[in-house]
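Heads up: the sequence shown begins at 1 in full-length UniProt numbering, then just goes up one per residue. The C-beta atom is built at its ideal place from N, Cα and C for all residues, glycine as well.
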Amino acid sequence: MELKYTGRKGYELCILIIEEYFGKNAAALAKILMKMPCAIDLNELVQLVNLPPIEVRKLLRIFLRFDIVTFTIEEKIRIVYKIHSPAILKLLRYAEYMRVVHLLFGNIAEAVAFELLTSGKLSEVDCVNFTFQRLSKKSTATKSEVQQMFSNLVHCKVIKQCRVFNWSLVEDDSSVCLNQCRASNSESRMKKVIYWSVNFDFIENCLRQKLILDFITDRYDKTAAEVFCFMMDVNEIDPCRSKRSNLISHSEILKKYPGGSTVKAELPHYFDMFANDSVKLISVNTTVGSRTYTIEYASIFEHLCFTAITKLLSQRIDPKAAQLFRLIHAEDVVAQSELEHKALMSHNDVARYSYILTRDSFVEEIELPGADANSSCISFLMVDRKQAAKRALDETFRAIANCIHRRNAELTMQKELLHREEKCHTVCEMIRNDEKLDAKEKERQIAETQVSYITDAEKESLKNLNISVKKLYALQELLMHSLLLFETSLQYFHIDEGNV
1 MELKYTGRKG
11 YELCILIIEE
21 YFGKNAAALA
31 KILMKMPCAI
41 DLNELVQLVN
51 LPPIEVRKLL
61 RIFLRFDIVT
71 FTIEEKIRIV
81 YKIHSPAILK
91 LLRYAEYMRV
101 VHLLFGNIAE
111 AVAFELLTSG
121 KLSEVDCVNF
131 TFQRLSKKST
141 ATKSEVQQMF
151 SNLVHCKVIK
161 QCRVFNWSLV
171 EDDSSVCLNQ
181 CRASNSESRM
191 KKVIYWSVNF
201 DFIENCLRQK
211 LILDFITDRY
221 DKTAAEVFCF
231 MMDVNEIDPC
241 RSKRSNLISH
251 SEILKKYPGG
261 STVKAELPHY
271 FDMFANDSVK
281 LISVNTTVGS
291 RTYTIEYASI
301 FEHLCFTAIT
311 KLLSQRIDPK
321 AAQLFRLIHA
331 EDVVAQSELE
341 HKALMSHNDV
351 ARYSYILTRD
361 SFVEEIELPG
371 ADANSSCISF
381 LMVDRKQAAK
391 RALDETFRAI
401 ANCIHRRNAE
411 LTMQKELLHR
421 EEKCHTVCEM
431 IRNDEKLDAK
441 EKERQIAETQ
451 VSYITDAEKE
461 SLKNLNISVK
471 KLYALQELLM
481 HSLLLFETSL
491 QYFHIDEGNV
């Protein structure tokens, strides 16, 4: 189950991402699709977006390649389109997706993932050819090695086969992708080929597991994280699909655990430690002659979610607001009159921060009538888990959008200087490739070119700009981790509602 980003902050971020990756016309089309309460056909889109039909078809084709838009065929061959907002946010995770693939499978796999991510969907032939062309410039990888790696990634479910459909349904004269140089010479221009794409579920499962393992490492140690990692691997359940894992046999873990005898002897100690943790990492099920464990994914992510919300409140409002939120969440329901005593805060601080938390929807206020007509109402405060996580999600959307706006503003301010730097690099590259010049002459001309294009002061400005942009990308990546955490927690809260 994926969340639909219908809130204002989510909407604004999605439009910002579309404009950054695909341009203003694409953003205009996305705005119409996101505002529509139901699916819409091509003719209606053309009328609403005020773009030529050929341009709308081209943009729909791009969106379909990246699963940003889905379509259904209604009666009388009427095709209607609908936005799929989670796919838009995935664009910001592409760099991290490639790092995960590189960590698990190496350089060739990372190059395969790059081609698929930047193209949205590719046939196997195109993907292998493009990957080989890219790698041939930097490494000695053979085409057969690339082909074998593609097969391995399919076997490991890192790559998945796409739903088969006829591209002529969105007929267009070009095959468009983020990697524009691939668009013109692609087998994917054909109407009937098997398309492949990156399996985002697999990689995001890896990222969710990393969130859990980082938490276990911080809470205990690296060995504890390795033991917990092995338990998750034995189970092979995506944490976002179920609140808890299947039963994991104690004897099976002891039999399969790859560690040394010393660590194996300590495994029961780790299992007891996980079971007795206040977060309830695992549940122990004991029957006659056997012992099994269940990983409590929902409990873990709820703890991580509310720890992150507490940190967010501490940074955004005040540490006292975070302390108050933590207390209310721990108490489930607490009378407002008791807060001052339980939180060990002044009356003014309690009144101020409880008001802010209620106003910003992190805390919900419930008023009950007094015992009789002359009695005043009694106010209780509680944390609505779903509402608090949604608010944290909105704040994360806002912070990511601010990162993008600030980065774009800084790049725009130095646009002319960046253009000169790019031109300088181009001229220097031409000098390096000039076979008529010897090494000494090349070095002299390159030095002269660099001095003529960019001054020392401008070099310092470019250096500072580069540092600032890298910091903003790093912050954006941290925020994307928080986003994944809040998304996963909300999925669990939806599961809870479905079981009520």
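*Anyone know if the C-beta pair for residue 310 and residue 298 falls short of 8 angstroms?*
In terms of Cβ geometry, residue 310 and residue 298 do not form a close pair [threshold 8 angstroms].
*Output the boundary residues of the alpha helix (DSSP H) element that contains residue 350.*
DSSP places residue 350 in the uninterrupted alpha helix (DSSP H) bounded by 347–359.
*Is the CB-CB distance between residue 234 and residue 216 below 8 angstroms?*
Result no, Cβ atoms of residue 234 and residue 216 do not sit closer than 8 angstroms.
_Going by the DSSP bridge assignment, what does residue 41 pair with across the sheet?_
Looking at the DSSP assignment, residue 41 forms a beta bridge with 80.
*Just curious, the beta strand (DSSP E) that residue 414 is in, first and last residue?*
Here residue 414 belongs to no beta strand (DSSP E), and DSSP marks it neither H nor E.
*Can you give me the Cβ contacts of residue 501 inside the same chain, cut-off strictly under 7 angstroms, excluding the 5 residues immediately before and after it?*
Any property of residue 501 remains undetermined from this structure, which presents the chain solely from 1 to 500.
*Would you list, in sequence order, the uninterrupted beta strand (DSSP E) runs of no fewer than 3 residues that lie entirely inside the segment 234–304?*
Complete beta strand (DSSP E) runs here, min 3: 282–287 and 290–295.
*With 16 as the cutoff for other CB atoms within 10 Å, does residue 155 come out buried or exposed?*
Exposed, since its Cβ has fewer than 16 Cβ neighbours within 10 Å.
*asked:* So, at 8 angstroms on beta carbons, what are the nonlocal neighbours of residue 91 in its own chain, with the 5 sequence-adjacent residues on each side left out?
replied: Closer than 8 angstroms at Cβ, skipping near neighbours: 17, 21 and 66.
*asked:* Quick test of the definition: if touching needs 3 or more C-beta pairs under 8 angstroms, does the segment 75–85 touch the segment 122–132?
replied: Contact between the segment 75–85 and the segment 122–132 is absent, because fewer than three Cβ pairs lie under 8 angstroms.
*What residues match up with residue 159 in a beta bridge as DSSP calls it?*
Looking at the DSSP output, residue 159 bridges to 198.
*Can you check DSSP and say which residues form a bridge with residue 366?*
The secondary-structure analysis by DSSP pairs residue 366 across a beta bridge with 380.
*Buried or exposed: where does residue 483 fall if 16 or more other Cβ atoms within 10 Å of its Cβ makes it buried?*
Classification for residue 483: buried.
*Determine the direct distance from the alpha carbon of residue 89 to that of residue 377, and round the result to whole angstroms.*
Their Cα atoms are separated by approximately 44 angstroms.
*With distances taken Cα to Cα, identify the nearest neighbour of residue 365 among 383, 349 and 350.*
Nearest C-alpha to residue 365: 383.
*Going by Cα to Cα distance, which pick from 159, 69, 144 and 108 is closest to residue 138?*
Of the listed residues, the one whose Cα sits closest to residue 138 is 108.
_According to DSSP, is residue 51 part of a helix, a strand, or is it coil?_
Looking at residue 51 - three-state DSSP - the assignment turns out to be coil, as it is neither helix nor strand.
*So is residue 95 buried or exposed if we call it buried at 16+ other beta carbons inside 10 Å?*
Note on residue 95: under 16 other CB atoms within 10 angstroms of its CB, so exposed under the neighbour-count rule.
_At the level of alpha carbons, what is the spacing between residue 280 and residue 159?_
C-alpha separation (whole angstroms): 34 angstroms.
*asked:* Just to check my reading of the structure: residue 449 and residue 427 have Cβ atoms closer than 8 angstroms, yes? What is that Cβ distance to the nearest angstrom?
replied: Residue 427 and residue 449 do touch by the CB rule: their CB atoms are close to 5 angstroms apart, below 8 angstroms.
_Rounded C-alpha distance that separates residue 429 from residue 421_ = Cα-Cα distance, rounded: 12 angstroms.
*Alpha carbon to alpha carbon, how far is residue 121 from residue 131? Give it in angstroms, no decimals.*
Rounded to whole angstroms, the gap between the alpha carbons of residue 131 and residue 121 is 14 angstroms.
*Check whether the segment 399–412 touches the segment 348–366, counting contact only when three or more Cβ pairs, one atom from each stretch, lie closer than 8 angstroms.*
The segment 399–412, when compared against the segment 348–366, does not touch it at the 8 angstroms Cβ threshold.
*asked:* In the DSSP output, what is residue 227 paired with across the bridge?
replied: According to DSSP, residue 227 bridges with nothing at all.
_On the CB-based measure, 16 or more other CB atoms within 10 Å of its CB, does residue 194 come out buried or exposed?_
Around the beta carbon of residue 194, fewer than 16 other beta carbons lie within 10 angstroms, which makes this residue exposed.
*Assign residue 407 to buried or exposed, taking buried as 16 or more other Cβ atoms, counted over all protein chains shown, within 10 Å of its Cβ.*
Counting Cβ neighbours within 10 Å, residue 407 comes out buried, since at least 16 surround it.
*Could you check the C-alpha separation between residue 176 and residue 50 for me, to the nearest Å?*
Legend: pLDDT at residue 176 = 42, less than 50; position of this residue unreliable, no value from coordinates given.
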